[in-house]
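Down below is the structure, laid out as structure tokens.
In our numbering, the protein residues as written are 4 to 394.
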């Protein structure tokens, strides 16, 4: 490829860290996981971190935890406001727990949930807002937090695509009651596979820990908020109190994460340098709609929506990108309503979905990396200048 969608970020430090774990002979979740949880939470100024084996699992465990709270638990049939554009596993845990999904359209210039539509979308059945910051660009997290607080709703952030982004001096992934992250290969830092949940709520923290590993009590503190010990160690070792999962990470994942976290500020700085060049090249071109930065983007990727009013030849553009060996994909997962799986959902539209469908049909993204992409971005500019013409 001339311009790849993703690139490795590991160096010798990560390989050495993995070798240390291999030499120890102890691979399953242990002290390195605990250390990574603490340091990742501290980086975000949050009290608790719960590492899991993927960002998708983080979403699953976070939603599950809200069903087992002592006060105001979510219940089947409750409604959740979601953006119409996101990745599939933003939504799947909602369906799996019997929640009704209410889609809110996006703003085309941010690709995030349109903040002007949120409050009007609330119904008597609404119990939660699920905010997603698309591809590094913070959503209107402050607005969502305010609306949720005023209406007595839970607010959860799926921040799997926007690690290290900032809004009003706070990190994205810190505004929610629960906040999720992904450490997949192509993301801001990589632990091979991995994810994290952050919260300041002790009950939610303990619920997530319990649900992460079988629903047992072994990973809970002696003075747990969730149960009372019976005093017999034989039975306490295998005591199950919640219908949990096994989505534990390994020491290998955490060892890599500890090294990657040290590099994250530098990675983000390089991504932002590339972002500045991307904006310079494409920001004033009426053929293309690019993301309008809200706060401070960590720029996962570069998105382009072909101006639907200009009748550009999409097939020719995508063929030219392929011919030039430039990797590209639909923006995140596109409009979720356009996927076959929607037939399994109980859902409604707060307003007719328009912009998410435009982004789905006319949009694409190319990669951003933690190193200089001047050559690649100028190649992209040249290819689009030659082919992005009106029919």
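Ideal placement from N, C-alpha and C gives every residue a C-beta, glycine not left out.
Here residue 115 really is in contact with residue 86; their C-beta atoms are around 6 Å apart, less than 8 Å. For residue 392, the secondary structure class from DSSP, reduced to helix, strand or coil, is coil. Annotation: the continuous beta strand (DSSP E) that includes residue 158 extends over 157 to 161.
By the criterion of a C-beta distance shorter than 8 Å, residue 355 is surrounded in its chain by 108, once the five residues flanking it on both sides are discounted. Put simply, the backbone Cα of residue 337 is about 42 Å away from that of residue 227.
Residue 55 sits close to residue 215, with the two beta carbons spaced by under 9 Å. Look at residue 302 here: in three-state DSSP terms it is coil, with no helix or strand label.
Residue 372 is classed as buried because its beta carbon has at least 16 other beta carbons within 10 Å across all chains shown.
The segment 164 to 229 contains, as complete alpha helix (DSSP H) runs of 4+ residues, the segments 205 to 215 (chain order). For residue 255, the enclosing alpha helix (DSSP H) begins and ends at 254 to 285. Per the DSSP secondary-structure output, residue 105 pairs in a beta bridge with 84, 351.
Under DSSP, the beta-bridge partners assigned to residue 332 are 368.
Taking residue 302 as reference, the option from 325, 271, 311 with the minimal CA-CA separation is 271.
Secondary structure note for residue 53: its beta strand (DSSP E) is the uninterrupted segment 51 to 55. In this structure, DSSP gives residue 133 an extended state, which the three-state scheme calls strand. Segment contact: the segment 137 to 146 against the segment 167 to 180, three or more CB-CB distances shorter than 8 Å; contact assigned. Residue burial is scored here from C-beta neighbours: residue 314 has fewer than 16 other C-beta atoms within 10 angstroms and is therefore classed as exposed. Around the beta carbon of residue 212, 16 or more other beta carbons sit within 10 angstroms, so the residue counts as buried.
One Cα belongs to residue 340, the other to residue 138, and the distance between them is close to 19 Å. In this structure, residue 103 places its C-beta atom within 9 Å of the C-beta atom of residue 351.
Counting C-beta atoms within 10 angstroms of its own C-beta, residue 322 has fewer than 16 neighbours from the protein chains shown and is therefore classed as exposed.
Per DSSP, reduced to three states, the secondary structure at residue 293 is coil, with no helix or strand assignment.
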